[in-house]
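The structure under discussion appears below in the form of structure tokens.
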Amino acid sequence: VAQFYAEAALNKAVEDVGAEHGVALVQEPATGKILAAASYPVKDGQSLAFQFTYEPGSTFKTVAISSALDAGVVSVTDSIDMDGRNWEIARGVVVRDRQHNKDFLSIPEIMQLSSNIGAGKIALELGAKNLFYYIKAFGFGTKTDINFNGESRGNVPPYNKWTKVDTATKGYGYGVAVTPVQLINAYSAIANGGTLMQPHIIDRIEYAGGRVEKKSKPVKIRRVLR
Numbered sequence: 072v073a074q075f076y077a078e079a080a081l082n083k084a085v086e087d088v089g090a091e092h093g094v095a096l097v098q099e100p101a102t103g104k105i106l107a108a109a110s111y112p113v114k115d116g117q118s119l120a121f122q123f124t125y126e127p128g129s130t131f132k133t134v135a136i137s138s139a140l141d142a143g144v145v146s147v148t149d150s151i152d153m154d155g156r157n158w159e160i161a162r163g164v165v166v167r168d169r170q171h172n173k174d175f176l177s178i179p180e181i182m183q184l185s186s187n188i189g190a191g192k193i194a195l196e197l198g199a200k201n202l203f204y205y206i207k208a209f210g211f212g213t214k215t216d217i218n219f220n221g222e223s224r225g226n227v228p229p230y231n232k233w234t235k236v237d238t239a240t241k242g243y244g245y246g247v248a249v250t251p252v253q254l255i256n257a258y259s260a261i262a263n264g265g266t267l268m269q270p271h272i273i274d275r276i277e278y279a280g281g282r283v284e285k286k287s288k289p290v291k292i293r294r295v296l297r
């Protein structure tokens with residue numbers, strides 16, 4: 072049922088915006104079970120959900136900010152200076168927020184308003200090494216082993232090659248390549264109290280007569296957030 076509705080919603084969304092490709096995933100956070108995985112266009116033996124890599128952009132802010140909160144370098148009551156909504160990270164590199172006119176944003180407001188300045192500053196506060204650790208702990212840069220042929224691992228460059236700008240921009244999803252299943256699994260870990268689960272597609276195989284050949288049980292990979 073979930074697959075049907077996911078495909079219908081994805082097809083409509085792609086047609087509405089005129090996109091060339093689209094992906095829709097539905098996952099059960101507590102178990103890791105993939106309830107639906109839809110791709111547009113549909114091609115036999117291919118699934119963008121597991122094979123396609125892309126820069127996640129603002130959807131990655133949740134990863135960076137939850138990591139910084141977990142590490143204790145920021146708290147939800149903190150306010151971040153917006154530098155007049157024109158923040159010069161390094162000489163000639165300026166990040167701008169055009170979607171608000173506030174001089175300071177709280178952590179929740181940074182998420183609500185999708186502030187690149189806020190996410191970038193928080194990433195710098197966490198630091199390259201720690202941010203890299205959390206990104207990897209969330210499962211980015213490695214295959215999920217969901218048993219789909221051709222699954223991509225994405226790409227997370229080693230932190231010792233990051234510049235200050237690299238660290239800041241990773242706070243809002245630039246300079247990393249992820250797969251849709253990695254991203255939804257990371258969000259599910261946050262929703263699951265910080266525990267990353269092994270994603271799986273096949274729950275069980277049932278034959279006529281009710282015989283069950285294989286049944287997947289929820290498998291905890293690691294605790295990412297305390």
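Residue numbers (the working numbering): 72 to 297. Backbone N, C-alpha and C define an ideal beta-carbon position, used for all residues, glycine too.
Q.
Could you compute how far the alpha carbon of ASP225 sits from the alpha carbon of LYS200?
A. The sequence shown places Gly at residue 225, rather than the Asp named in the question. Rounded to the nearest angstrom, the two C-alpha atoms are 19 Å apart.
Q. Measuring CB to CB, does LYS132 end up less than 8 Å from TYR243?
A. The Cβ atoms of LYS132 and TYR243 sit closer than 8 Å to each other.
Q) When DSSP labels each residue in this structure, what does LYS173 get in the three-state scheme? A) Residue state, collapsed to three classes: coil.
Q) What is the DSSP secondary structure of TYR245, reduced to helix, strand or coil? A) Three-state DSSP puts TYR245 in coil, outside helix and strand.
Q.
Measuring alpha carbon to alpha carbon, tell me which residue in THR102, PRO112 and THR234 is nearest VAL164.
A. The residue among THR102, PRO112 and THR234 with its C-alpha nearest the C-alpha of VAL164 is THR234.
Q) For ASP87, does the count of other Cβ atoms within 10 angstroms reach 16, so buried, or fall short, so exposed? A) Result: exposed.
Q) Just how far apart, CA to CA, sit ILE272 and ILE193? A) A straight-line Cα-Cα distance of about 35 Å links ILE272 and ILE193.
Q) Taking the alpha helix (DSSP H) that VAL252 falls in, what are its first and last residues? A) 251 to 262 is the extent of the alpha helix (DSSP H) around VAL252.
Q: Taking the CB atoms as reference points, tell me whether ALA279 and GLY210 lie closer together than 8 Å.
A: In this structure, GLY210 does not lie closer than 8 Å to ALA279 by Cβ.
Q: Would you mind giving the Cβ-Cβ distance between VAL247 and LEU96, rounded to the nearest angstrom? I have them listed as a contact below 8 Å.
A: About 18 Å separates the beta carbon of VAL247 from that of LEU96, a gap too long to meet the 8 Å contact definition.
Q) CB of ASP115 to nearest heavy atom of the ligand FAD: below 7 Å? A) Summarising the ligand content, the structure contains no ligands, and the ligand FAD is consequently not present.
**Q.** Span separating the alpha-carbon of ASP154 from that of PHE175
**A.** Each residue's alpha carbon lies about 8 Å from the other.
Q: Taking the CB atoms as reference points, tell me whether PHE121 and THR250 lie closer together than 8 Å.
A: For PHE121 and THR250, yes; Cβs fall inside 8 Å.
**Q.** Of the residues ALA109, ALA77 and ARG297, the one placed nearest GLY264, counting alpha carbons only
**A.** It is ARG297 whose Cα lies nearest to the Cα of GLY264.
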